[in-house]
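Protein chains in written order, with the working numbering: chain A, 555 to 963; chain Z, 175 to 433; chain W, 46 to 422.
Before any comments, here is the structure.
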Amino acid sequence: MEHQKTSKQLLGELLDKHYADALHAKAEGKPVAWSTSIAPQELLETMGIHAVYPENHAAAIGARKHAQEFINHSEGKGYSVDICSYARVNLAYMDIQQCEAANIPLPDLIFCCNNICNTVIKWYENIAKELNVPMILFDPPFNHEYEISDQNVKYIKAQILHAITRLEEITGQKFDYDRFREVMKISSETSRWWKKASLLACAKPSPLNGFELFNYMAIIVCMRGTKEGLELFKLWHDELQEKKEKGVGPWKDGEEKYRVMWDGIACWPYLGDTYKVLKKYGINMVTSTYPDSWYIVYDENDLDGMARAYSSNYVNRNLAFGTDNIIGIVKDFQLDGIIYHSNRSCKLMDFRQFEVQRKVEASTGVSSVIFDGDQTDPRAFSLAQFETRIQALVEMMEAKKRMGGAFYE
Amino acid sequence: MYLGVDIGSSSSKAVLINRAGMVCGEGIVNIGTGSKGPQISVEQALRQAGIQRCDVRKCVVTGYGRLMYEGADRQITEISCHAKGVKFLWPTASTIIDIGGQDAKVIRVSINGIVENFVMNEKCAAGTGRFLEVMARVLDCRIEDLSGLAARGNPGVVISNTCTVFAESEVISQLAAGMSIEDVALGAHKSIAQRIAGLCNRIGIADAVVMTGGVALNHNVVTAIEKEIHHPIIRLEDPQAMGALGAAIFAREMEAGNS
Amino acid sequence: MSKAMSLISELAYAGQRPKDSILKAMNETGKKSVGCFPIYTPEELIYAAEMLPVGMWGGQTVGTLADRYLQGFCCSIMKANTEQALLGQYDFLSAVIVTAYCDTLKCMIENWKIASPQLNLIPMVYPQNRKIPAGKEYLRDEFLRVKKELERISGKKITDQEIQKSVDLYDEYRRTMQEFSDLVKDYPDMLKAKTRHLILKASYFMDKRIYTEKVRELILELSKLPRENAFGRKKIILSGLIAEPDGILDIMTENGMVVVADDLAHGARQFRTIAPDTGDGLNRMVERVAMQDGCAFLYDEKKTRAAMLIQMKEKYQADAVIVCQMKFCDPEEFDYPIIKKELEGAGIPSLYIEIEQQMDSLEQLRTRIQSFSEMLA
Chain A
555 MEHQKTSKQL LGELLDKHYA DALHAKAEGK PVAWSTSIAP QELLETMGIH AVYPENHAAA
615 IGARKHAQEF INHSEGKGYS VDICSYARVN LAYMDIQQCE AANIPLPDLI FCCNNICNTV
675 IKWYENIAKE LNVPMILFDP PFNHEYEISD QNVKYIKAQI LHAITRLEEI TGQKFDYDRF
735 REVMKISSET SRWWKKASLL ACAKPSPLNG FELFNYMAII VCMRGTKEGL ELFKLWHDEL
795 QEKKEKGVGP WKDGEEKYRV MWDGIACWPY LGDTYKVLKK YGINMVTSTY PDSWYIVYDE
855 NDLDGMARAY SSNYVNRNLA FGTDNIIGIV KDFQLDGIIY HSNRSCKLMD FRQFEVQRKV
915 EASTGVSSVI FDGDQTDPRA FSLAQFETRI QALVEMMEAK KRMGGAFYE
Chain Z
175 MYLGVDIGSS SSKAVLINRA GMVCGEGIVN IGTGSKGPQI SVEQALRQAG IQRCDVRKCV
235 VTGYGRLMYE GADRQITEIS CHAKGVKFLW PTASTIIDIG GQDAKVIRVS INGIVENFVM
295 NEKCAAGTGR FLEVMARVLD CRIEDLSGLA ARGNPGVVIS NTCTVFAESE VISQLAAGMS
355 IEDVALGAHK SIAQRIAGLC NRIGIADAVV MTGGVALNHN VVTAIEKEIH HPIIRLEDPQ
415 AMGALGAAIF AREMEAGNS
Chain W
46 MSKAMSLISE LAYAGQRPKD SILKAMNETG KKSVGCFPIY TPEELIYAAE MLPVGMWGGQ
106 TVGTLADRYL QGFCCSIMKA NTEQALLGQY DFLSAVIVTA YCDTLKCMIE NWKIASPQLN
166 LIPMVYPQNR KIPAGKEYLR DEFLRVKKEL ERISGKKITD QEIQKSVDLY DEYRRTMQEF
226 SDLVKDYPDM LKAKTRHLIL KASYFMDKRI YTEKVRELIL ELSKLPRENA FGRKKIILSG
286 LIAEPDGILD IMTENGMVVV ADDLAHGARQ FRTIAPDTGD GLNRMVERVA MQDGCAFLYD
346 EKKTRAAMLI QMKEKYQADA VIVCQMKFCD PEEFDYPIIK KELEGAGIPS LYIEIEQQMD
406 SLEQLRTRIQ SFSEMLA
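Below, the structure is given as structure tokens:
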């Protein structure tokens with residue numbers, strides 16, 4: 555009987571395949587796109603254009619502790635130390651084109667969606683300029699109102715149609731609407747299973763060690779529109795479901811004492827270090843802002859729904875929505891605490907954090923802490939400072955537990 | 175006896191208390207983690223109390239170097255320890271400002287002594303004791319002289335930069351432009367005070383406000399902070415020792431079993 | 046004093062004292078005022094609503110109130126605006142328009158709703174895909190939405206004809222400013238770098254019609270005077286967000302520099318593009334935004350800003366470009382490496398200075414500007 559692979563094995567294989575396929579496509583003269591992480595990849599998948607994701611690639615370089623050499627290169631070109639470190643890593647990779655993490659081919663097309671920040675417009679403009687390749691921009695307007703307005707949906711939908719025309723011009727091929735329909739269906743389905751799996755962490759103890767979200771995230775970004783991606787998340791879900799039914803917690807060698815959420819992006823160069831500090835105190839990061847970010851769900855062939863979905867991620871929403879979202883997470887996951895990452899790279903996340911923290915604390919009484927770090931610049935983080943703040947969080951959570959816990963239902 | 179040790183980045187403090195909570199011995203040394211400082215401060219405290227190390231029933235360590243210290247029964251963050259120490263001496267305290275060598279923090283404490291929330295400076299050292307060390311070096315004076323110098327200074331020098339490295343060059347150019355050492359020292363204090371006031375605005379401030387940490391010995395800084403936050407600050411006799419005192423109280427509670 | 050000099054000092058004075066100038070303008074015209082955040086806002090609509098659009102580009106306020114909302118690595122202009130709002134210094138405004146050109150501005154919209162609810166915040170998003178029909182349609186919809194908000198605040202309907210008239214006025218203002226800016230090279234003593242800056246700055250605090258008339262008059266008076274001797278001066282083009290603190294401009298003057306043109310968001314980017322004469326007022330506004338390029342805040346697939354600077358260098362026979370980089374301004378920070386590379390390629394000397402709006406000591410910058418000037422000699 556063939557030995558069934560675990561989702562973790564499959565994850566590794568798929569990721570290797572993702573990078574290998576891109577290099578292979580390039581070698582065969584097929585077009586490759588560089589895309590932002592929450593962009594309508596459905597269009598590229600439909601056209602058979604292989605996409606790679608500079609954010610993920612920069613994160614991988616960071617996690618392998620190689621970011622510094624790339625950052626030095628970019629800063630040497632005149633990039634400020636204050637801009638996004640993913641951009642600094644990627645803009646250097648564009649020149650160096652060699653790293654130990656995984657290599658990606660240079661793009662023939664830039665595919666940029668600023669629902670995650672306006673910084674990506676600037677970053678991708680520079681790639682397009684330096685490599686002299688066309689750029690397609692999706693511009694879902696920032697939703698300063700609580701809901702996504704019809705006016706915004708209309709504009710985004712028109713941009714999707716415009717992008718299809720441009721893709722046809724660039725590739726000289728017709729857009730296959732039947733294939734598109736199929737990809738839309740798979741993409742939504744993959745998103746559903748991603749969310750469904752991550753929600754299993756609501757169980758107490760959580761079968762999920764939330765740092766795994768940071769690993770699995772690579773596939774929800776890179777292979778959301780593929781059957782392999784979908785199968786992976788189904789498998790992952792089933793594994794977690796089984797653990798949940800058996801009442802198994804996140805670790806073999808430790809008990810889940812506190813349940814927290816991580817707000818913001820991981821500190822990739824210190825992924826292992828931050829994980830170990832939390833685990834040492836029995837803190838399981840049961841969830842983060844990642845599950846909802848790739849919950850991009852709509853009905854097949856519903857372009858309005860698709861437009862709306864690509865504008866719905868929380869960083870593109872207003873503060874009231876962001877606050878309600880976290881309050882909901884505190885309740886659903888029965889959190890004891892929140893760890894907010896004040897990430898030097900991400901002003902859009904940072905500059906609302908203080909107010910969100912106050913509002914969430916006022917509404918739920920949950921303990922929280924803000925620490926300073928960066929997604930990929932190793933210089934902007936201090937492990938000793940991080941540990942002190944986490945330990946102080948533990949002391950606050952412990953005191954609250956003794957007093958009867960946070961006051962959510 | 176119960177021992178509390180607070181190992182900071184630039185100083186080490188030890189406090190011994192007895193079962194009744196009375197301070198029996200204290201040691202403060204101006205060298206911090208990674209040195210013999212912690213050991214010397216403990217020895218000082220033991221000598222003052224007239225006891226041996228084996229007479230210590232429980233020991234709690236806190237501060238930047240707490241994770242490296244062997245021989246403690248427990249380690250607790252300086253946030254909880256400062257709150258503990260201050261509440262013991264000043265039960266009505268609601269806000270604690272602690273400026274240490276590496277960190278500046280504002281801690282909000284509930285009536286029953288629980289840490290409700292705290293905020294700390296951003297990763298760079300502006301607004302911390304380290305900043306004052308750099309200032310003292312640039313102004314070519316001892317760090318303990320800064321308070322007296324600033325007291326004689328005239329307001330007007332602004333050191334606005336957010337980072338210690340930049341502030342250093344800013345101070346040098348202020349001196350080059352003919353500003354007096356006294357005026358620049360006052361400007362540096364105001365710069366720290368503003369950073370602290372910013373932290374206070376984030377967390378909200380309520381009386382009584384108590385200040386701890388070595389920088390609290392600099393009366394001019396305390397006055398500058400009072401001006402910025404528009405609240406009076408309780409000046410403790412021994413602000414440096416609050417972390418160690420809190421740790422010692424935790425040690426005592428450990429044995430009482432109510433920790 | 047010559048007529049020209051008295052106009053210059055009147056305008057520079059207005060530029061130097063934002064709040065006094067605005068209150069004076071409100072008093073003289075009987076109009077309400079509406080605050081306009083950087084970078085661009087539909088000022089034409091505010092003016093058509095018979096209110097005064099006034100600029101909100103930071104200030105010299107440093108404090109600690111904004112720390113409640115913002116980390117230390119937020120740009121100094123946004124920190125100063127927030128500090129001033131929390132101090133109640135903007136309470137005389139009837140509304141404030143904040144746009145979402147960058148990530149920091151998006152957060153401004155959200156924090157200000159909570160921090161200063163009394164200010165009648167009108168958030169607005171300019172489309173980045175501003176050249177395609179969908180983007181134009183979206184911008185028109187945004188203008189209509191903001192128009193409705195302005196009508197609510199002013200209590201008065203804005204007619205199409207009023208918008209047309211307002212766009213005409215703004216075109217006249219923009220042409221006038223282009224003409225004025227081109228005159229500077231001929232009058233480097235009367236229009237020193239800081240004076241030029243303050244005159245441009247005054248446009249943010251005066252009634253646009255009155256301001257334009259004054260500048261028109263100044264141009265006329267200047268044309269009566271002989272050109273000043275500019276021999277030996279270094280002709281400089283400024284690029285970046287804003288040339289403040291304006292002490293840096295004095296340092297430039299002291300080092301024999303004259304600002305012959307600028308590519309500052311706070312300066313010429315406001316007036317270098319004129320609305321085309323097609324369709325109704327709103328359409329002209331939409332098309333103008335679509336036409337404007339070379340700005341860090343407007344998506345530009347071809348990234349033409351550096352090429353534009355090189356053209357400007359030719360047009361004004363400039364000696365060098367000085368990039369005034371506002372620290373923590375991401376969009377400008379991203380443009381710089383490309384500008385640097387292309388200027389180097391074209392053999393144009395450039396100097397990069399990193400500034401915060403409320404720097405008190407400019408000594409380090411003095412050294413840099415002075416040595417750059419020595420290098421150009």
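Beta carbons: idealized from backbone N, C-alpha and C, even for Gly.
When the alpha-carbon of Lys280 of chain W is set against those of W:Met404, W:Pro168, W:Pro233 and W:Gly292, the nearest one is in W:Pro233. If you draw a straight line from the Cα of Thr719 of chain A to the Cα of Arg862 of chain A, it comes to about 20 Å.
Flagged as an interface residue toward chain Z: Thr109 of chain W, by a C-beta distance shorter than 8 Å. The C-alpha of Ser639 of chain A is placed about 56 Å away from the C-alpha of Gly224 of chain Z. Contiguous beta strand (DSSP E) elements confined to the region 239 to 306 of chain Z occur at 269 to 273, 278 to 283 and 289 to 294, taking only those with 3 or more residues. Taking all protein chains shown into account, Trp805 of chain A has fewer than 16 neighbouring C-beta atoms within 10 Å of its C-beta and is therefore exposed. Per DSSP, the beta-bridge partners of Ile181 of chain Z are Z:Ser186.
Contact annotation, Tyr92 of chain W with Ser211 of chain W: C-beta distance approximately 5 Å; criterion of less than 8 Å satisfied. The shortest CA-to-CA distance from Gly372 of chain Z to any of W:Leu52, W:Val260, W:Val107 and W:Ile159 is the one to W:Val107. Boundaries of the beta strand (DSSP E) around Asn838 of chain A: Ile837 to Ser842.
In the three-state scheme derived from DSSP, where H, G and I count as helix and E and B as strand, Gly195 of chain Z is classed as coil. Nearest to Pro845 of chain A by alpha-carbon distance, out of A:Trp748, A:Pro694 and A:Ala712, is A:Trp748.
In this structure the region 136 to 154 of chain W touches the region 162 to 180 of chain W; the number of beta carbon pairs closer than 8 Å is three or more. Phe692 of chain A has A:Cys667 as its beta-bridge partners, per DSSP.
For Ile944 of chain A against Leu832 of chain A, the beta-carbon gap comes to about 7 Å, under 8 Å, which counts as contact. Within the same chain, Cβ atoms closer than 8 Å to the Cβ of Asn328 of chain W are found at Arg185, the five residues on either side in sequence being excluded.
Annotated as proximal: Leu309 of chain W and Gly285 of chain W, with beta-carbon spacing under 8 Å.
Scanning chain A for C-beta atoms nearer than 7 Å to the C-beta of Tyr215 of chain W yields nothing, as the closest lies near 24 Å away.
Residues of the same chain with a CB within less than 6 Å of the CB of Trp157 of chain W, apart from the 5 flanking positions on each side, are Leu166 in chain order.
Using a C-beta cut-off of 8 Å, the region 827 to 843 of chain A makes no contact with the region 780 to 799 of chain A, since fewer than three inter-stretch Cβ pairs fall below that distance. Shown here, Gln563 of chain A sits in a helix according to DSSP, grouped into three states.
Unbroken beta strand (DSSP E) runs of no fewer than 3 residues, entirely contained in the region 363 to 407 of chain Z, are found at 383 to 386, following chain order. Not one beta carbon of chain Z lies nearer than 8 Å to the beta carbon of Ser199 of chain W. Taking Asn394 of chain Z as reference, the option from Z:Ala325, Z:Asp247 and Z:Tyr243 with the minimal CA-CA separation is Z:Ala325. Any Cβ of chain A closer than 8 Å to the Cβ of Asp186 of chain W would place that residue at the interface, and such an atom is present. DSSP, read as helix, strand or coil, puts Leu189 of chain W in helix. According to the DSSP secondary-structure assignment, Phe925 of chain A is paired through a beta bridge with A:His895. Judged by DSSP secondary structure, Lys76 of chain W falls outside any alpha helix (DSSP H); it is assigned neither H nor E.
In the structure shown, His620 of chain A falls within a coil segment according to DSSP collapsed to helix, strand and coil. Not one beta carbon of chain A lies nearer than 8 Å to the beta carbon of Gln403 of chain W. Proximity of Arg956 of chain A to chain W, defined by a Cβ-Cβ separation below 8 Å, is not satisfied.
Taking the CA atoms as reference points, Tyr700 of chain A sits about 6 Å from Asn872 of chain A. When C-alpha distances from Gly211 of chain Z are compared across Z:Lys232, Z:Tyr238, Z:Gln226 and Z:Asp229, the shortest belongs to Z:Tyr238. Given a length threshold of 3 residues, each whole run of the beta strand (DSSP E) inside the region 48 to 127 of chain W is given here in chain order: 77 to 81 and 96 to 100.
Rounded to whole angstroms, the separation of the alpha carbons of Lys708 of chain A and Ile714 of chain A is 10 Å. Ile398 of chain W has its alpha-carbon roughly 20 Å from the corresponding atom of His627 of chain A.
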